[in-house]
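Structure, as structure tokens:
There are 2 protein chains.
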Amino acid sequence: MQSYPSKLLESAVNELAKLPGIGRKTALRMALNLLKRNIPEVESLGNAIIKMRNEVIYCTECRNISDQELCAICSSPKRDHHLICVVEDIRDVMAVENTGQYSGVYHVLGGVISPMDGIGPQELHIEALISRVAASHIGEIILALPTTIEGDTTNFYLFRKLAGFNIKLTTIARGVSIGDELEHTDEVTLGRSILNRTPYESGLHRK
Amino acid sequence: MQSYPSKLLESAVNELAKLPGIGRKTALRMALNLLKRNIPEVESLGNAIIKMRNEVIYCTECRNISDQELCAICSSPKRDHHLICVVEDIRDVMAVENTGQYSGVYHVLGGVISPMDGIGPQELHIEALISRVAASHIGEIILALPTTIEGDTTNFYLFRKLAGFNIKLTTIARGVSIGDELEHTDEVTLGRSILNRTPYESGLHRK
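Chains A and B are the protein sequences, given in the same order.
If you read the first sequence in the numbering used here, its first letter stands for residue 2, the second for the next number, and so on.
If you read the second sequence in the numbering used here, its first letter stands for residue 2, the second for the next number, and so on.
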């Protein structure tokens, strides 16, 4: 048991240690770092997280984090609104956006089905996706969920839920990453990349 | 360049990423975790760090972080006030306190002399130590600074500054850690542990 020379320090360390991946030693290092900074800087950190938690809203259409009722992507006339990419969370939206290869819109589930963690379909934005599909004309839904048991379960659940609609359902391609050596690729990925081989296009592997 | 779907999120990520050892990816993970928590929890984190920065004071005697003008150690009549242990920062005070082997008081320098980082003697609480020594009757000062070039420089600086006073100046023992194998101990430590060998006391190596 560590004993802190100051209750104020102790309570800051306790709070910082609740952040994901932060232990008590790291939290103490952070607290001491904050003590060395000037007051406006520390207030700016404290207020930024409180303001974010209080004021962030979620896009009514795709459930992505947003500053407006309809996010920048959902309100853009340049995007293909008949194409929806279903992702786990906002980090995946950012990752796909960074590729510059996607022109459709998104649907953020806010997680994947995980009975072990007490996350069922009703904890996720799945009903919102179904209503969205029922309300407008969607041509294709791309499932871009993680390749884990939970991701697969969620894919299967969505597949069953969406089967009644006349929509093309696809998943992102799994294969050998560009730059990866075959010998270091796991068997499942390599196996799939052979089954799902694509016609040769010269120049595609360079960028 | 990542583009965030919300300015509020972006500003929280920017602030979190200023914490030591936290990159932008980890900061985003933290921000998303905070968004999933309830508002009072997030306010409690934000306010704890602001309150700590605004209200923490430093003990006027030893410069340790404290809630009162005189810290719990400096105000305790049970401590030996003629014995001062000089340390770099509050974490070292906590480490020494945890041993339960020390009954003296401390002096927290707030760092070590490091010209590379622009830290000279005047940035540290060295003058406060000299005044303390001049004002009261101190019998011994234990230097417990890190064994780095900066720590050694600071030790030497303090040695020169304190030479005029009639005070016993010691450093903590360096040697082979309890439980360590000799073959894995570096030569300098092992060499010192032979030079500074101590009389055999049975039972000391167990605990």
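All C-beta atoms, glycine included, are put in the ideal place defined by N, C-alpha and C.
Hey, is residue i's beta-carbon within less than 8 Å of any beta-carbon in chain B?
i	result
Leu-29 of chain A	yes
Cys-86 of chain A	no
Glu-70 of chain A	no
Leu-125 of chain A	no
Lys-79 of chain A	no
Gly-119 of chain A	no
Ile-1 of chain A	Not covered by the structure: residue 1 of chain A. The range shown for chain A is 2 to 208.
Leu-20 of chain A	yes
Leu-33 of chain A	yes
Can you list, in chain order, the residues of its chain whose CB lies under 7 Å from that of residue i, leaving out five sequence neighbours each side?
i	result
Ile-66 of chain A	Val-57, Tyr-59, Ile-91
Lys-169 of chain B	Gly-140, Glu-141
Gly-180 of chain B	none
Ser-1 of chain A	Because chain A is modelled from 2 through 208, residue 1 of chain A falls outside the range shown and cannot be assessed.
Glu-184 of chain A	none
Glu-151 of chain B	Val-113, Ile-114, Ser-115
Leu-10 of chain B	Ala-32
Any Cβ of chain A within less than 8 Å of the Cβ of residue i?
i	result
Pro-133 of chain B	Contrary to the premise, residue 133 of chain B reads as Arg rather than Pro in this sequence. False, the Cβ-Cβ gap to chain A never drops below 8 Å.
Lys-162 of chain B	no
Glu-89 of chain B	no
Arg-92 of chain B	yes
Gly-47 of chain B	yes
Ala-13 of chain B	yes
Val-106 of chain B	no
Based on Cα-Cα distance, which residue from the options lies nearest to residue i?
i	options	result
Val-97 of chain B	A:Ile-23, A:Asn-197, A:Pro-6	A:Pro-6
Gly-112 of chain A	B:Lys-37, B:Pro-122, B:Ile-50	B:Lys-37
Arg-80 of chain B	B:Tyr-107, B:Glu-184, B:Thr-100	B:Tyr-107
Ser-137 of chain B	B:Asn-34, B:Asn-15, B:Ser-194, B:His-83	B:His-83
Lys-52 of chain A	B:Gly-121, B:Ile-23, B:Ile-40	B:Ile-40
Glu-62 of chain B	B:Asn-55, B:Cys-75, B:Arg-54	B:Cys-75
Thr-148 of chain A	A:Ile-173, A:Ile-127, A:Ala-164, A:Phe-160	A:Ile-173
Ala-129 of chain A	A:Lys-19, A:Leu-163, A:Thr-154, A:Gln-102	A:Leu-163
Val-109 of chain A	A:Gly-121, A:Leu-144, A:Met-117	A:Leu-144
Leu-191 of chain B	B:Glu-182, B:Val-177, B:Ala-28	B:Val-177
May I ask you to list the residues that DSSP assigns as paired with residue i?
i	result
Ile-58 of chain B	B:Ser-67
Val-87 of chain B	B:His-108, B:Leu-144
Ile-120 of chain B	B:Ser-115
Thr-172 of chain A	A:Leu-144
Asp-153 of chain B	DSSP lists no partner for Asp-153 of chain B.
Asp-81 of chain B	B:Gly-105
Buried or exposed: which applies to residue i, given that a residue is buried once 16 or more other Cβ atoms fall within 10 Å of its Cβ?
i	result
Arg-64 of chain A	buried
Glu-70 of chain B	exposed
Val-43 of chain B	buried
Asn-156 of chain A	buried
Gly-47 of chain B	buried
Leu-196 of chain B	exposed
Glu-16 of chain B	buried
Ala-222 of chain B	Only positions 2 to 208 of chain B appear in the structure, and residue 222 of chain B is not among them; the question remains open.
His-88 of chain A	It should be pointed out that residue 88 of chain A corresponds to Val in this sequence rather than to His. Buried: at least 16 other Cβ atoms inside 10 Å.
Val-14 of chain A	buried
Ile-4 of chain B	Ile is not the amino acid found at residue 4 of chain B; the sequence shown has Ser there. It counts as exposed.
Val-209 of chain A	With chain A represented from 2 up to 208, any question about residue 209 of chain A goes unanswered, as that position is not in the structure.
Arg-54 of chain A	buried
Heavy atom of the ligand SAM less than 7 Å from the Cβ of residue i, yes or no?
i	result
Val-87 of chain B	With respect to small molecules bound, the structure shown includes none, and the ligand SAM cannot be examined in it.
For residue i, I'd like the list of residues in its chain whose CB is within less than 8 Å of its CB, leaving aside the five on either flank, ordered along the chain.
i	result
Gly-119 of chain B	none
Lys-208 of chain A	Unreliable positioning characterises Lys-208 of chain A in this predicted model, as indicated by a pLDDT of 45, which lies under 50. The coordinate reading is nonetheless provided below. The answer, listed in chain order, is Ile-179.
Tell me which residues share the same chain as residue i and place their Cβ nearer than 6 Å to its Cβ, disregarding the 5 neighbours each side in the sequence.
i	result
Arg-25 of chain B	Ala-18
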